[in-house]
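>
Numbering (the numbering used here), first residue to last: 1 to 191.
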């Protein structure tokens with residue numbers, strides 16, 4: 001089975017994430033997408049993160065009606081901060097019959113040289129790259145394991161969502177319906 005691994009903090013998950021996942025399931029050879037919820041990205045601040053299990057609840061609400069999308073808490077039990085190479089190594093050992101590909105934005109590929117053991121990631125895994133606004137080019141975009149896809153350009157970020165909620169904006173159409181309802185019910189990101 002071909003599994004696309006979509007790593008992220010998903011703080012919160014929003015329609016941009018969902019559109020990219022939906023596109024890849026329909027326009028690539030990926031059989032399933034696993035959303036790998038990262039407790040702490042080593043390249044990001046942790047101060048604005050909702051607790052892990054609250055972000056997991058939001059993610060599960062977003063994907064609950066799609067049988068080809070799964071959430072993964074694999075990084076919850078790994079040392080913090082989490083490094084993609086460690087998670088990939090673990091998943092490859094645990095699910096040896098699966099063929100794993102990474103899903104990332106062009107902005108992440110442009111900075112992959114900052115990742116732990118990025119050379120191994122590039123040599124051992126396929127990387128599916130979706131477009132981001134801006135110009136991103138370096139030698140990694142021509143790597144044989146990197147595949148650029150023409151997914152719709154989604155310029156929605158979790159930081160935009162958090163800021164809009166804090167400012168009291170009505171952003172219901174930027175979030176999956178159940179996610180928006182739960183965020184409002186729990187008063188997430190209001191402060």
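For each residue, glycine too, the CB sits at the ideal point set by N, CA and C.
It should be emphasised that the depicted structure is a prediction, and the values quoted were computed from it without experimental measurement.
Could you please give the first and the last residue of the uninterrupted alpha helix (DSSP H) stretch that includes residue 101?
Under the DSSP assignment, residue 101 falls outside any alpha helix (DSSP H), being part of the beta strand (DSSP E) whose first and last residues are 99-105.
> With a cut-off of 8 Å on the beta carbons, I'd call residue 21 and residue 176 a contact; round off their distance for me.
Actually they do not touch by this definition, with Cβ atoms about 11 Å apart.
> Under 8 Å, do residue 78 and residue 65 count as touching if we go by C-beta distance?
No.
> Within 10 angstroms of the Cβ of residue 53, are there 16 or more other Cβ atoms? Answer buried if so, exposed if not.
With fewer than 16 neighbouring CB atoms inside 10 Å of its own CB, residue 53 falls in the exposed class.
> When you compare the stretch 149-168 with the stretch 7-20, are there three or more beta-carbon pairs, one atom per stretch, that lie closer than 8 Å?
yes
> According to DSSP, is residue 154 helix, strand or coil?
In the three-state reduction of the DSSP assignment, residue 154 falls in the coil class.
> Helix, strand or coil for residue 69, going by three-state DSSP, please let me know.
strand
> Please report how far the alpha carbon of residue 167 lies from the alpha carbon of residue 76, in whole angstroms.
31 Å
> Compute the Euclidean distance between the alpha carbons of residue 91 and residue 67, then round it to the nearest angstrom.
20 Å
> Which of the three DSSP states is assigned to residue 8 in this structure?
Reduced to three states, the DSSP call for residue 8 is strand.
> Expressed to the nearest angstrom, what Euclidean distance is found between the alpha-carbon atoms of residue 160 and residue 174?
Cα to Cα, residue 160 sits roughly 10 Å from residue 174.
> Quick check: the Cα distance between residue 7 and residue 51, rounded to an integer number of angstroms?
17 Å
> May I have a chain-ordered list of the beta strand (DSSP E) segments no shorter than 3 residues that lie completely inside the stretch 111-163?
126-130 and 146-148
> Please report the residue range of the beta strand (DSSP E) in which residue 33 lies.
Taken as a continuous stretch (DSSP letters only), the beta strand (DSSP E) holding residue 33 covers 32-37.
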